[in-house]
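Q: For reference, each letter of the sequence shown is one residue, going 666 to 729 in this note's numbering.
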Amino acid sequence: MNDLQQNIRSDQQNIKKNCWDCKYQRIAGDTFLGICTWFSRHGKKDKQILPSIVDDGCQFFEPR
Ligand code: SF4
């Protein structure tokens with residue numbers, strides 16, 4: 666493996682998955698943790714982000 670591949674791989678490992686750093690999180694209205702806009706981008710109604718999820722993210726996490 667060359668250096669570039671190693672750098673990219675270690676960068677990916679440094680990104681911590683959570684809703685705060687996810688491009689789908691939007692702080693809006695009276696929600697404390699924000700809403701997840703992944704749903705409206707996939708033809709569904711957005712959901713409020715739950716405290717049990719916000720620090721761990723989900724499988725749809727994408728960095729901002
Ligand atoms: S629930 Fe998943 S997709 Fe939605 S903001 Fe959190 S990490 Fe991102």
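The beta carbon of each residue, even a glycine, is placed where N, CA and C say it ideally should be. This structure is a prediction, so every number in the text was calculated from the model and none was measured.
Roughly how many angstroms lie between the CA atoms of Cys684 and Gln690, to the nearest whole one?
A: Against the sequence shown, residue 684 aligns to sequence position 19. Against the sequence shown, residue 690 aligns to sequence position 25. Distance between the alpha carbons of Cys684 and Gln690: 6 Å.
Q: Which stretch, first to last residue, makes up the alpha helix (DSSP H) that contains Ser717?
A: Counting from one through the sequence shown, the residue named residue 717 turns up at place 52. Taken as a continuous stretch (DSSP letters only), the alpha helix (DSSP H) holding Ser717 covers 716-719.
Q: So Glu727 and Lys688 are in contact, right, with Cβ under 8 Å, and what is the actual spacing, rounded?
A: On the sequence shown, position 62 is the one that residue 727 refers to. On the sequence shown, position 23 is the one that residue 688 refers to. About 5 Å; that satisfies the 8 Å criterion.
Q: Mind reading off the beta-carbon distance from Asp711 to Ser705? Whole number of angstroms is fine, and I expect it under 8 Å.
A: Walking along the sequence shown from the start, residue 711 turns up at place 46. Walking along the sequence shown from the start, residue 705 turns up at place 40. The Cβ separation is near 5 Å, so the contact holds.
Q: Quick one, are the C-beta atoms of Ile700 and Gln713 less than 7 Å apart?
A: Sequence index remark: in the sequence shown, residue 700 carries index 35 (1-based). Sequence index remark: in the sequence shown, residue 713 carries index 48 (1-based). Yes. Within cutoff.
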